[in-house]
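Peer 1: For the sequence shown, position 224 (counting from the first letter as 1) is numbered 241 according to the working numbering, and the numbering increases by one without interruption.
Beta carbons are placed, not taken as given, at the ideal position from N, Cα and C, and that holds for glycine.
It should be emphasised that the depicted structure is a prediction, and the values quoted were computed from it without experimental measurement.
What follows is a structure written as structure tokens; I'll ask about it next.
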Amino acid sequence: MGARILMCPPLFYGIEYEINPWMSTERQADHTLAGEQWDALRAALELAGASIEVMTPVKGLPDLVFTANAAMVYRRQAIVARFKHPQRQGETPLDRAWLEGDGFEVFDPPAELSFEGAGDALFCGDTLYAGYRMRSDAGGHQKIGEVLGVRVLPLELADPYYYHLDTCFCPLAEDQAIYFPGAFDEYGQKVLEANIGTLIPVAEDEARSFACNAVVVGKTVVTNAGCPKLHENLRAHGYTAIATPLGEFVKAGGSAKCLTLRLDGEEAAGWKHTE
């Protein structure tokens, strides 16, 4: 079964508030161009073999387009987000309804703890790597790991420009990932080096183009434009790298990965199914 991905069209997308360093209400997105960029990303993912499910956009929720934050999917279980900022909290009931309608067993994160879905929780192999500090709380990740019966390795995010784990880390395969070292503290860098056999570092200039915020579909990796060095490294490791411009979404602090939620779980995770 191929990749199955949830996306939400940017009909009501815009910079209506400022909750990360990328966002400025004085630097608005071009609505027409954002739609064209979203369409091109969808086309690139479909060409790579992914099946796209579409969520209905809602006026007043401009960041609903960033479906990666809706939940963390593990098999047919989904743990929905508890957003830190009030501006995004209205997304959760809609995310829950969509996932329940699709047949997922839906859970809430631990009470009173922030958790922002696949933005901060990514599998590489059987291990859940969990970003914390900016948007998600470390304690919540550990409790989620206990519920799912998986090992959790917390990673403290050290740079506010990389406020979610998926802005600076992307699993490619069971023991392989790309990452931007400067987004992590020294301990987090050592955790990654000790637990992932092949780490492909991203240069700072390309990290600022959201190189790590990539979507992996089998051996195809889709990123924002402006990441030629990463693409060269990916090809050297046997991947097909595709660039598609997503600059209108970078204005809000998001890119390819942020715009997608893997409904089949992260294919790159390589966890062992035991059905």
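#1: Go ahead and pull the three-state DSSP assignment for F100.
#2: Can you list, in chain order, the residues of its chain whose CB lies under 7 Å from that of L28, leaving out five sequence neighbours each side?
#3: Where DSSP assigns a beta bridge to E122, which residues make up the other side?
#4: Count the C-beta pairs between the stretch 103-117 and the stretch 143-155 that are closer than 8 Å, then say yes if the count reaches three, no if not.
#5: Give, in chain order, every unbroken run of the beta strand (DSSP E) that is at least 3 residues long and sits entirely within the stretch 234-276.
#6: Does the stretch 239-253 come into contact with the stretch 270-285, if we say contact requires no fewer than three beta-carbon pairs (one atom in each stretch) closer than 8 Å?
#7: I need the straight-line Cα distance from R59 to Q45, nearest angstrom please.
#8: Any idea which residues DSSP pairs C141 with across the strands?
#9: For Y180, collect the residues of the same chain with a Cβ closer than 8 Å to its Cβ; drop the 5 residues on either side in sequence, then sort them by chain order.
#10: At which residues does the beta strand (DSSP E) containing R168 begin and terminate?
#11: Measure the beta-carbon distance from H158 to V169 and round it to whole angstroms, keeping in mind my assumption that it falls under 8 Å.
#12: G287 to E35, Cα distance in whole Å?
#13: Taking the DSSP output, what are the residues bridged to C187?
#14: Buried or exposed for E223, please, with buried defined as at least 16 other CB atoms from any protein chain shown within 10 angstroms of its CB.
#15: Within 10 Å of its beta-carbon, does G136 have 16 or more other beta-carbons around it, so buried, or fewer, so exposed?
#16: If you compare alpha carbons, which of L251, A231, A253, T261 is closest to A85?
#17: Please classify Y196: is it buried, with 16 or more other beta-carbons within 10 angstroms of its beta-carbon, or exposed?
#18: So, for E265: in the same chain, excluding its five sequence neighbours on each side, which residues have a beta-carbon less than 7 Å away from its beta-carbon?
#19: Does the distance from the C-beta atom of P218 to that of C141 stay below 8 Å?
#20: Taking C-alpha atoms, which residue in A253, G214, E108, E129 lies nearest to C25?
#21: For R92, which of L263, V123, L81 has the nearest alpha-carbon?
Peer 2: In short:
#1: Position 83 of the sequence shown, counted from the start, is the residue given in the question as residue 100. Correct three-state label for F100: coil.
#2: The residue given as residue 28 occupies position 11 in the sequence shown. Take L28, set aside five residues on each side of it, and the residues of its chain with a beta-carbon closer than 7 Å to its own are P74, in chain order.
#3: For the purposes of this step, residue 122 is taken as residue 105 along the sequence shown, with counting starting at 1. In DSSP, E122 forms a bridge with Q94.
#4: Inter-segment contact for the stretch 103-117 and the stretch 143-155 is absent: fewer than three beta-carbon pairs are separated by less than 8 Å.
#5: If we require 3 residues or more, the beta strand (DSSP E) runs fully inside the stretch 234-276 come out as 237-240, 257-260.
#6: Segments in contact, yes.
#7: As a working mapping, residue 59 is identified with position 42 in the sequence shown. As a working mapping, residue 45 is identified with position 28 in the sequence shown. Each residue's alpha carbon lies about 22 Å from the other.
#8: Here residue 141 refers to the residue found at position 124 of the sequence shown. T144.
#9: By 1-based counting over the sequence shown, the position of residue 180 is 163. Within the same chain, Y180 has close Cβ partners N37, P38, M151, R152, L174, G270.
#10: Within the sequence shown, numbered from 1, the residue matching residue 168 stands at position 151. Per DSSP, the unbroken beta strand (DSSP E) holding R168 starts and ends at 168-173.
#11: On the sequence shown, position 141 is the one that residue 158 refers to. On the sequence shown, position 152 is the one that residue 169 refers to. Sure, about 5 Å apart at Cβ, within 8 Å.
#12: Position 270 of the sequence shown holds residue 287. Position 18 of the sequence shown holds residue 35. Reliability fails at G287, whose pLDDT of 47 lies under 50, so the model's placement of it is uncertain and the value that follows must be treated cautiously. Spanning the alpha carbons of G287 and E35 requires a straight line of approximately 36 Å.
#13: As a first step, residue 187 must be located in the sequence shown, where it is residue number 170. Answer by DSSP bridge pairing, in chain order: I195.
#14: Translated into the one-based positions of the sequence shown, residue 223 becomes position 206. E223 is classed as buried because its beta carbon has at least 16 other beta carbons within 10 Å across all chains shown.
#15: In the sequence shown, counting from the first residue as 1, residue 136 sits at position 119. G136 should be labelled buried.
#16: Within the sequence shown, residue 85 is the residue found at index 68, counting from 1. Taking A85 as reference, the option from L251, A231, A253, T261 with the minimal CA-CA separation is A231.
#17: Within the sequence shown, the letter at position 179 stands for residue 196. It is buried - the Cβ of Y196 has at least 16 other Cβ atoms within 10 Å.
#18: Residue mapping note: residue 265 aligns to position 248 of the sequence shown, counting from 1. Within the same chain, A46, D47, L50, A51, Q54 come within 7 Å of E265 by CB-CB distance, once the 5 residues on both sides are set aside.
#19: What you label residue 218 is simply residue 201 of the sequence shown in a count that begins at 1. What you label residue 141 is simply residue 124 of the sequence shown in a count that begins at 1. One thing to note: P218 has its Cβ no nearer than 8 Å to the Cβ of C141.
#20: Residue numbering aside, residue 25 sits at position 8 when the sequence shown is read from its first letter. For the options A253, G214, E108, E129, the alpha carbon positioned closest to that of C25 is the one of E108.
#21: In the sequence shown, the residue the question calls residue 92 occupies position 75. Here the closest residue by C-alpha is V123.
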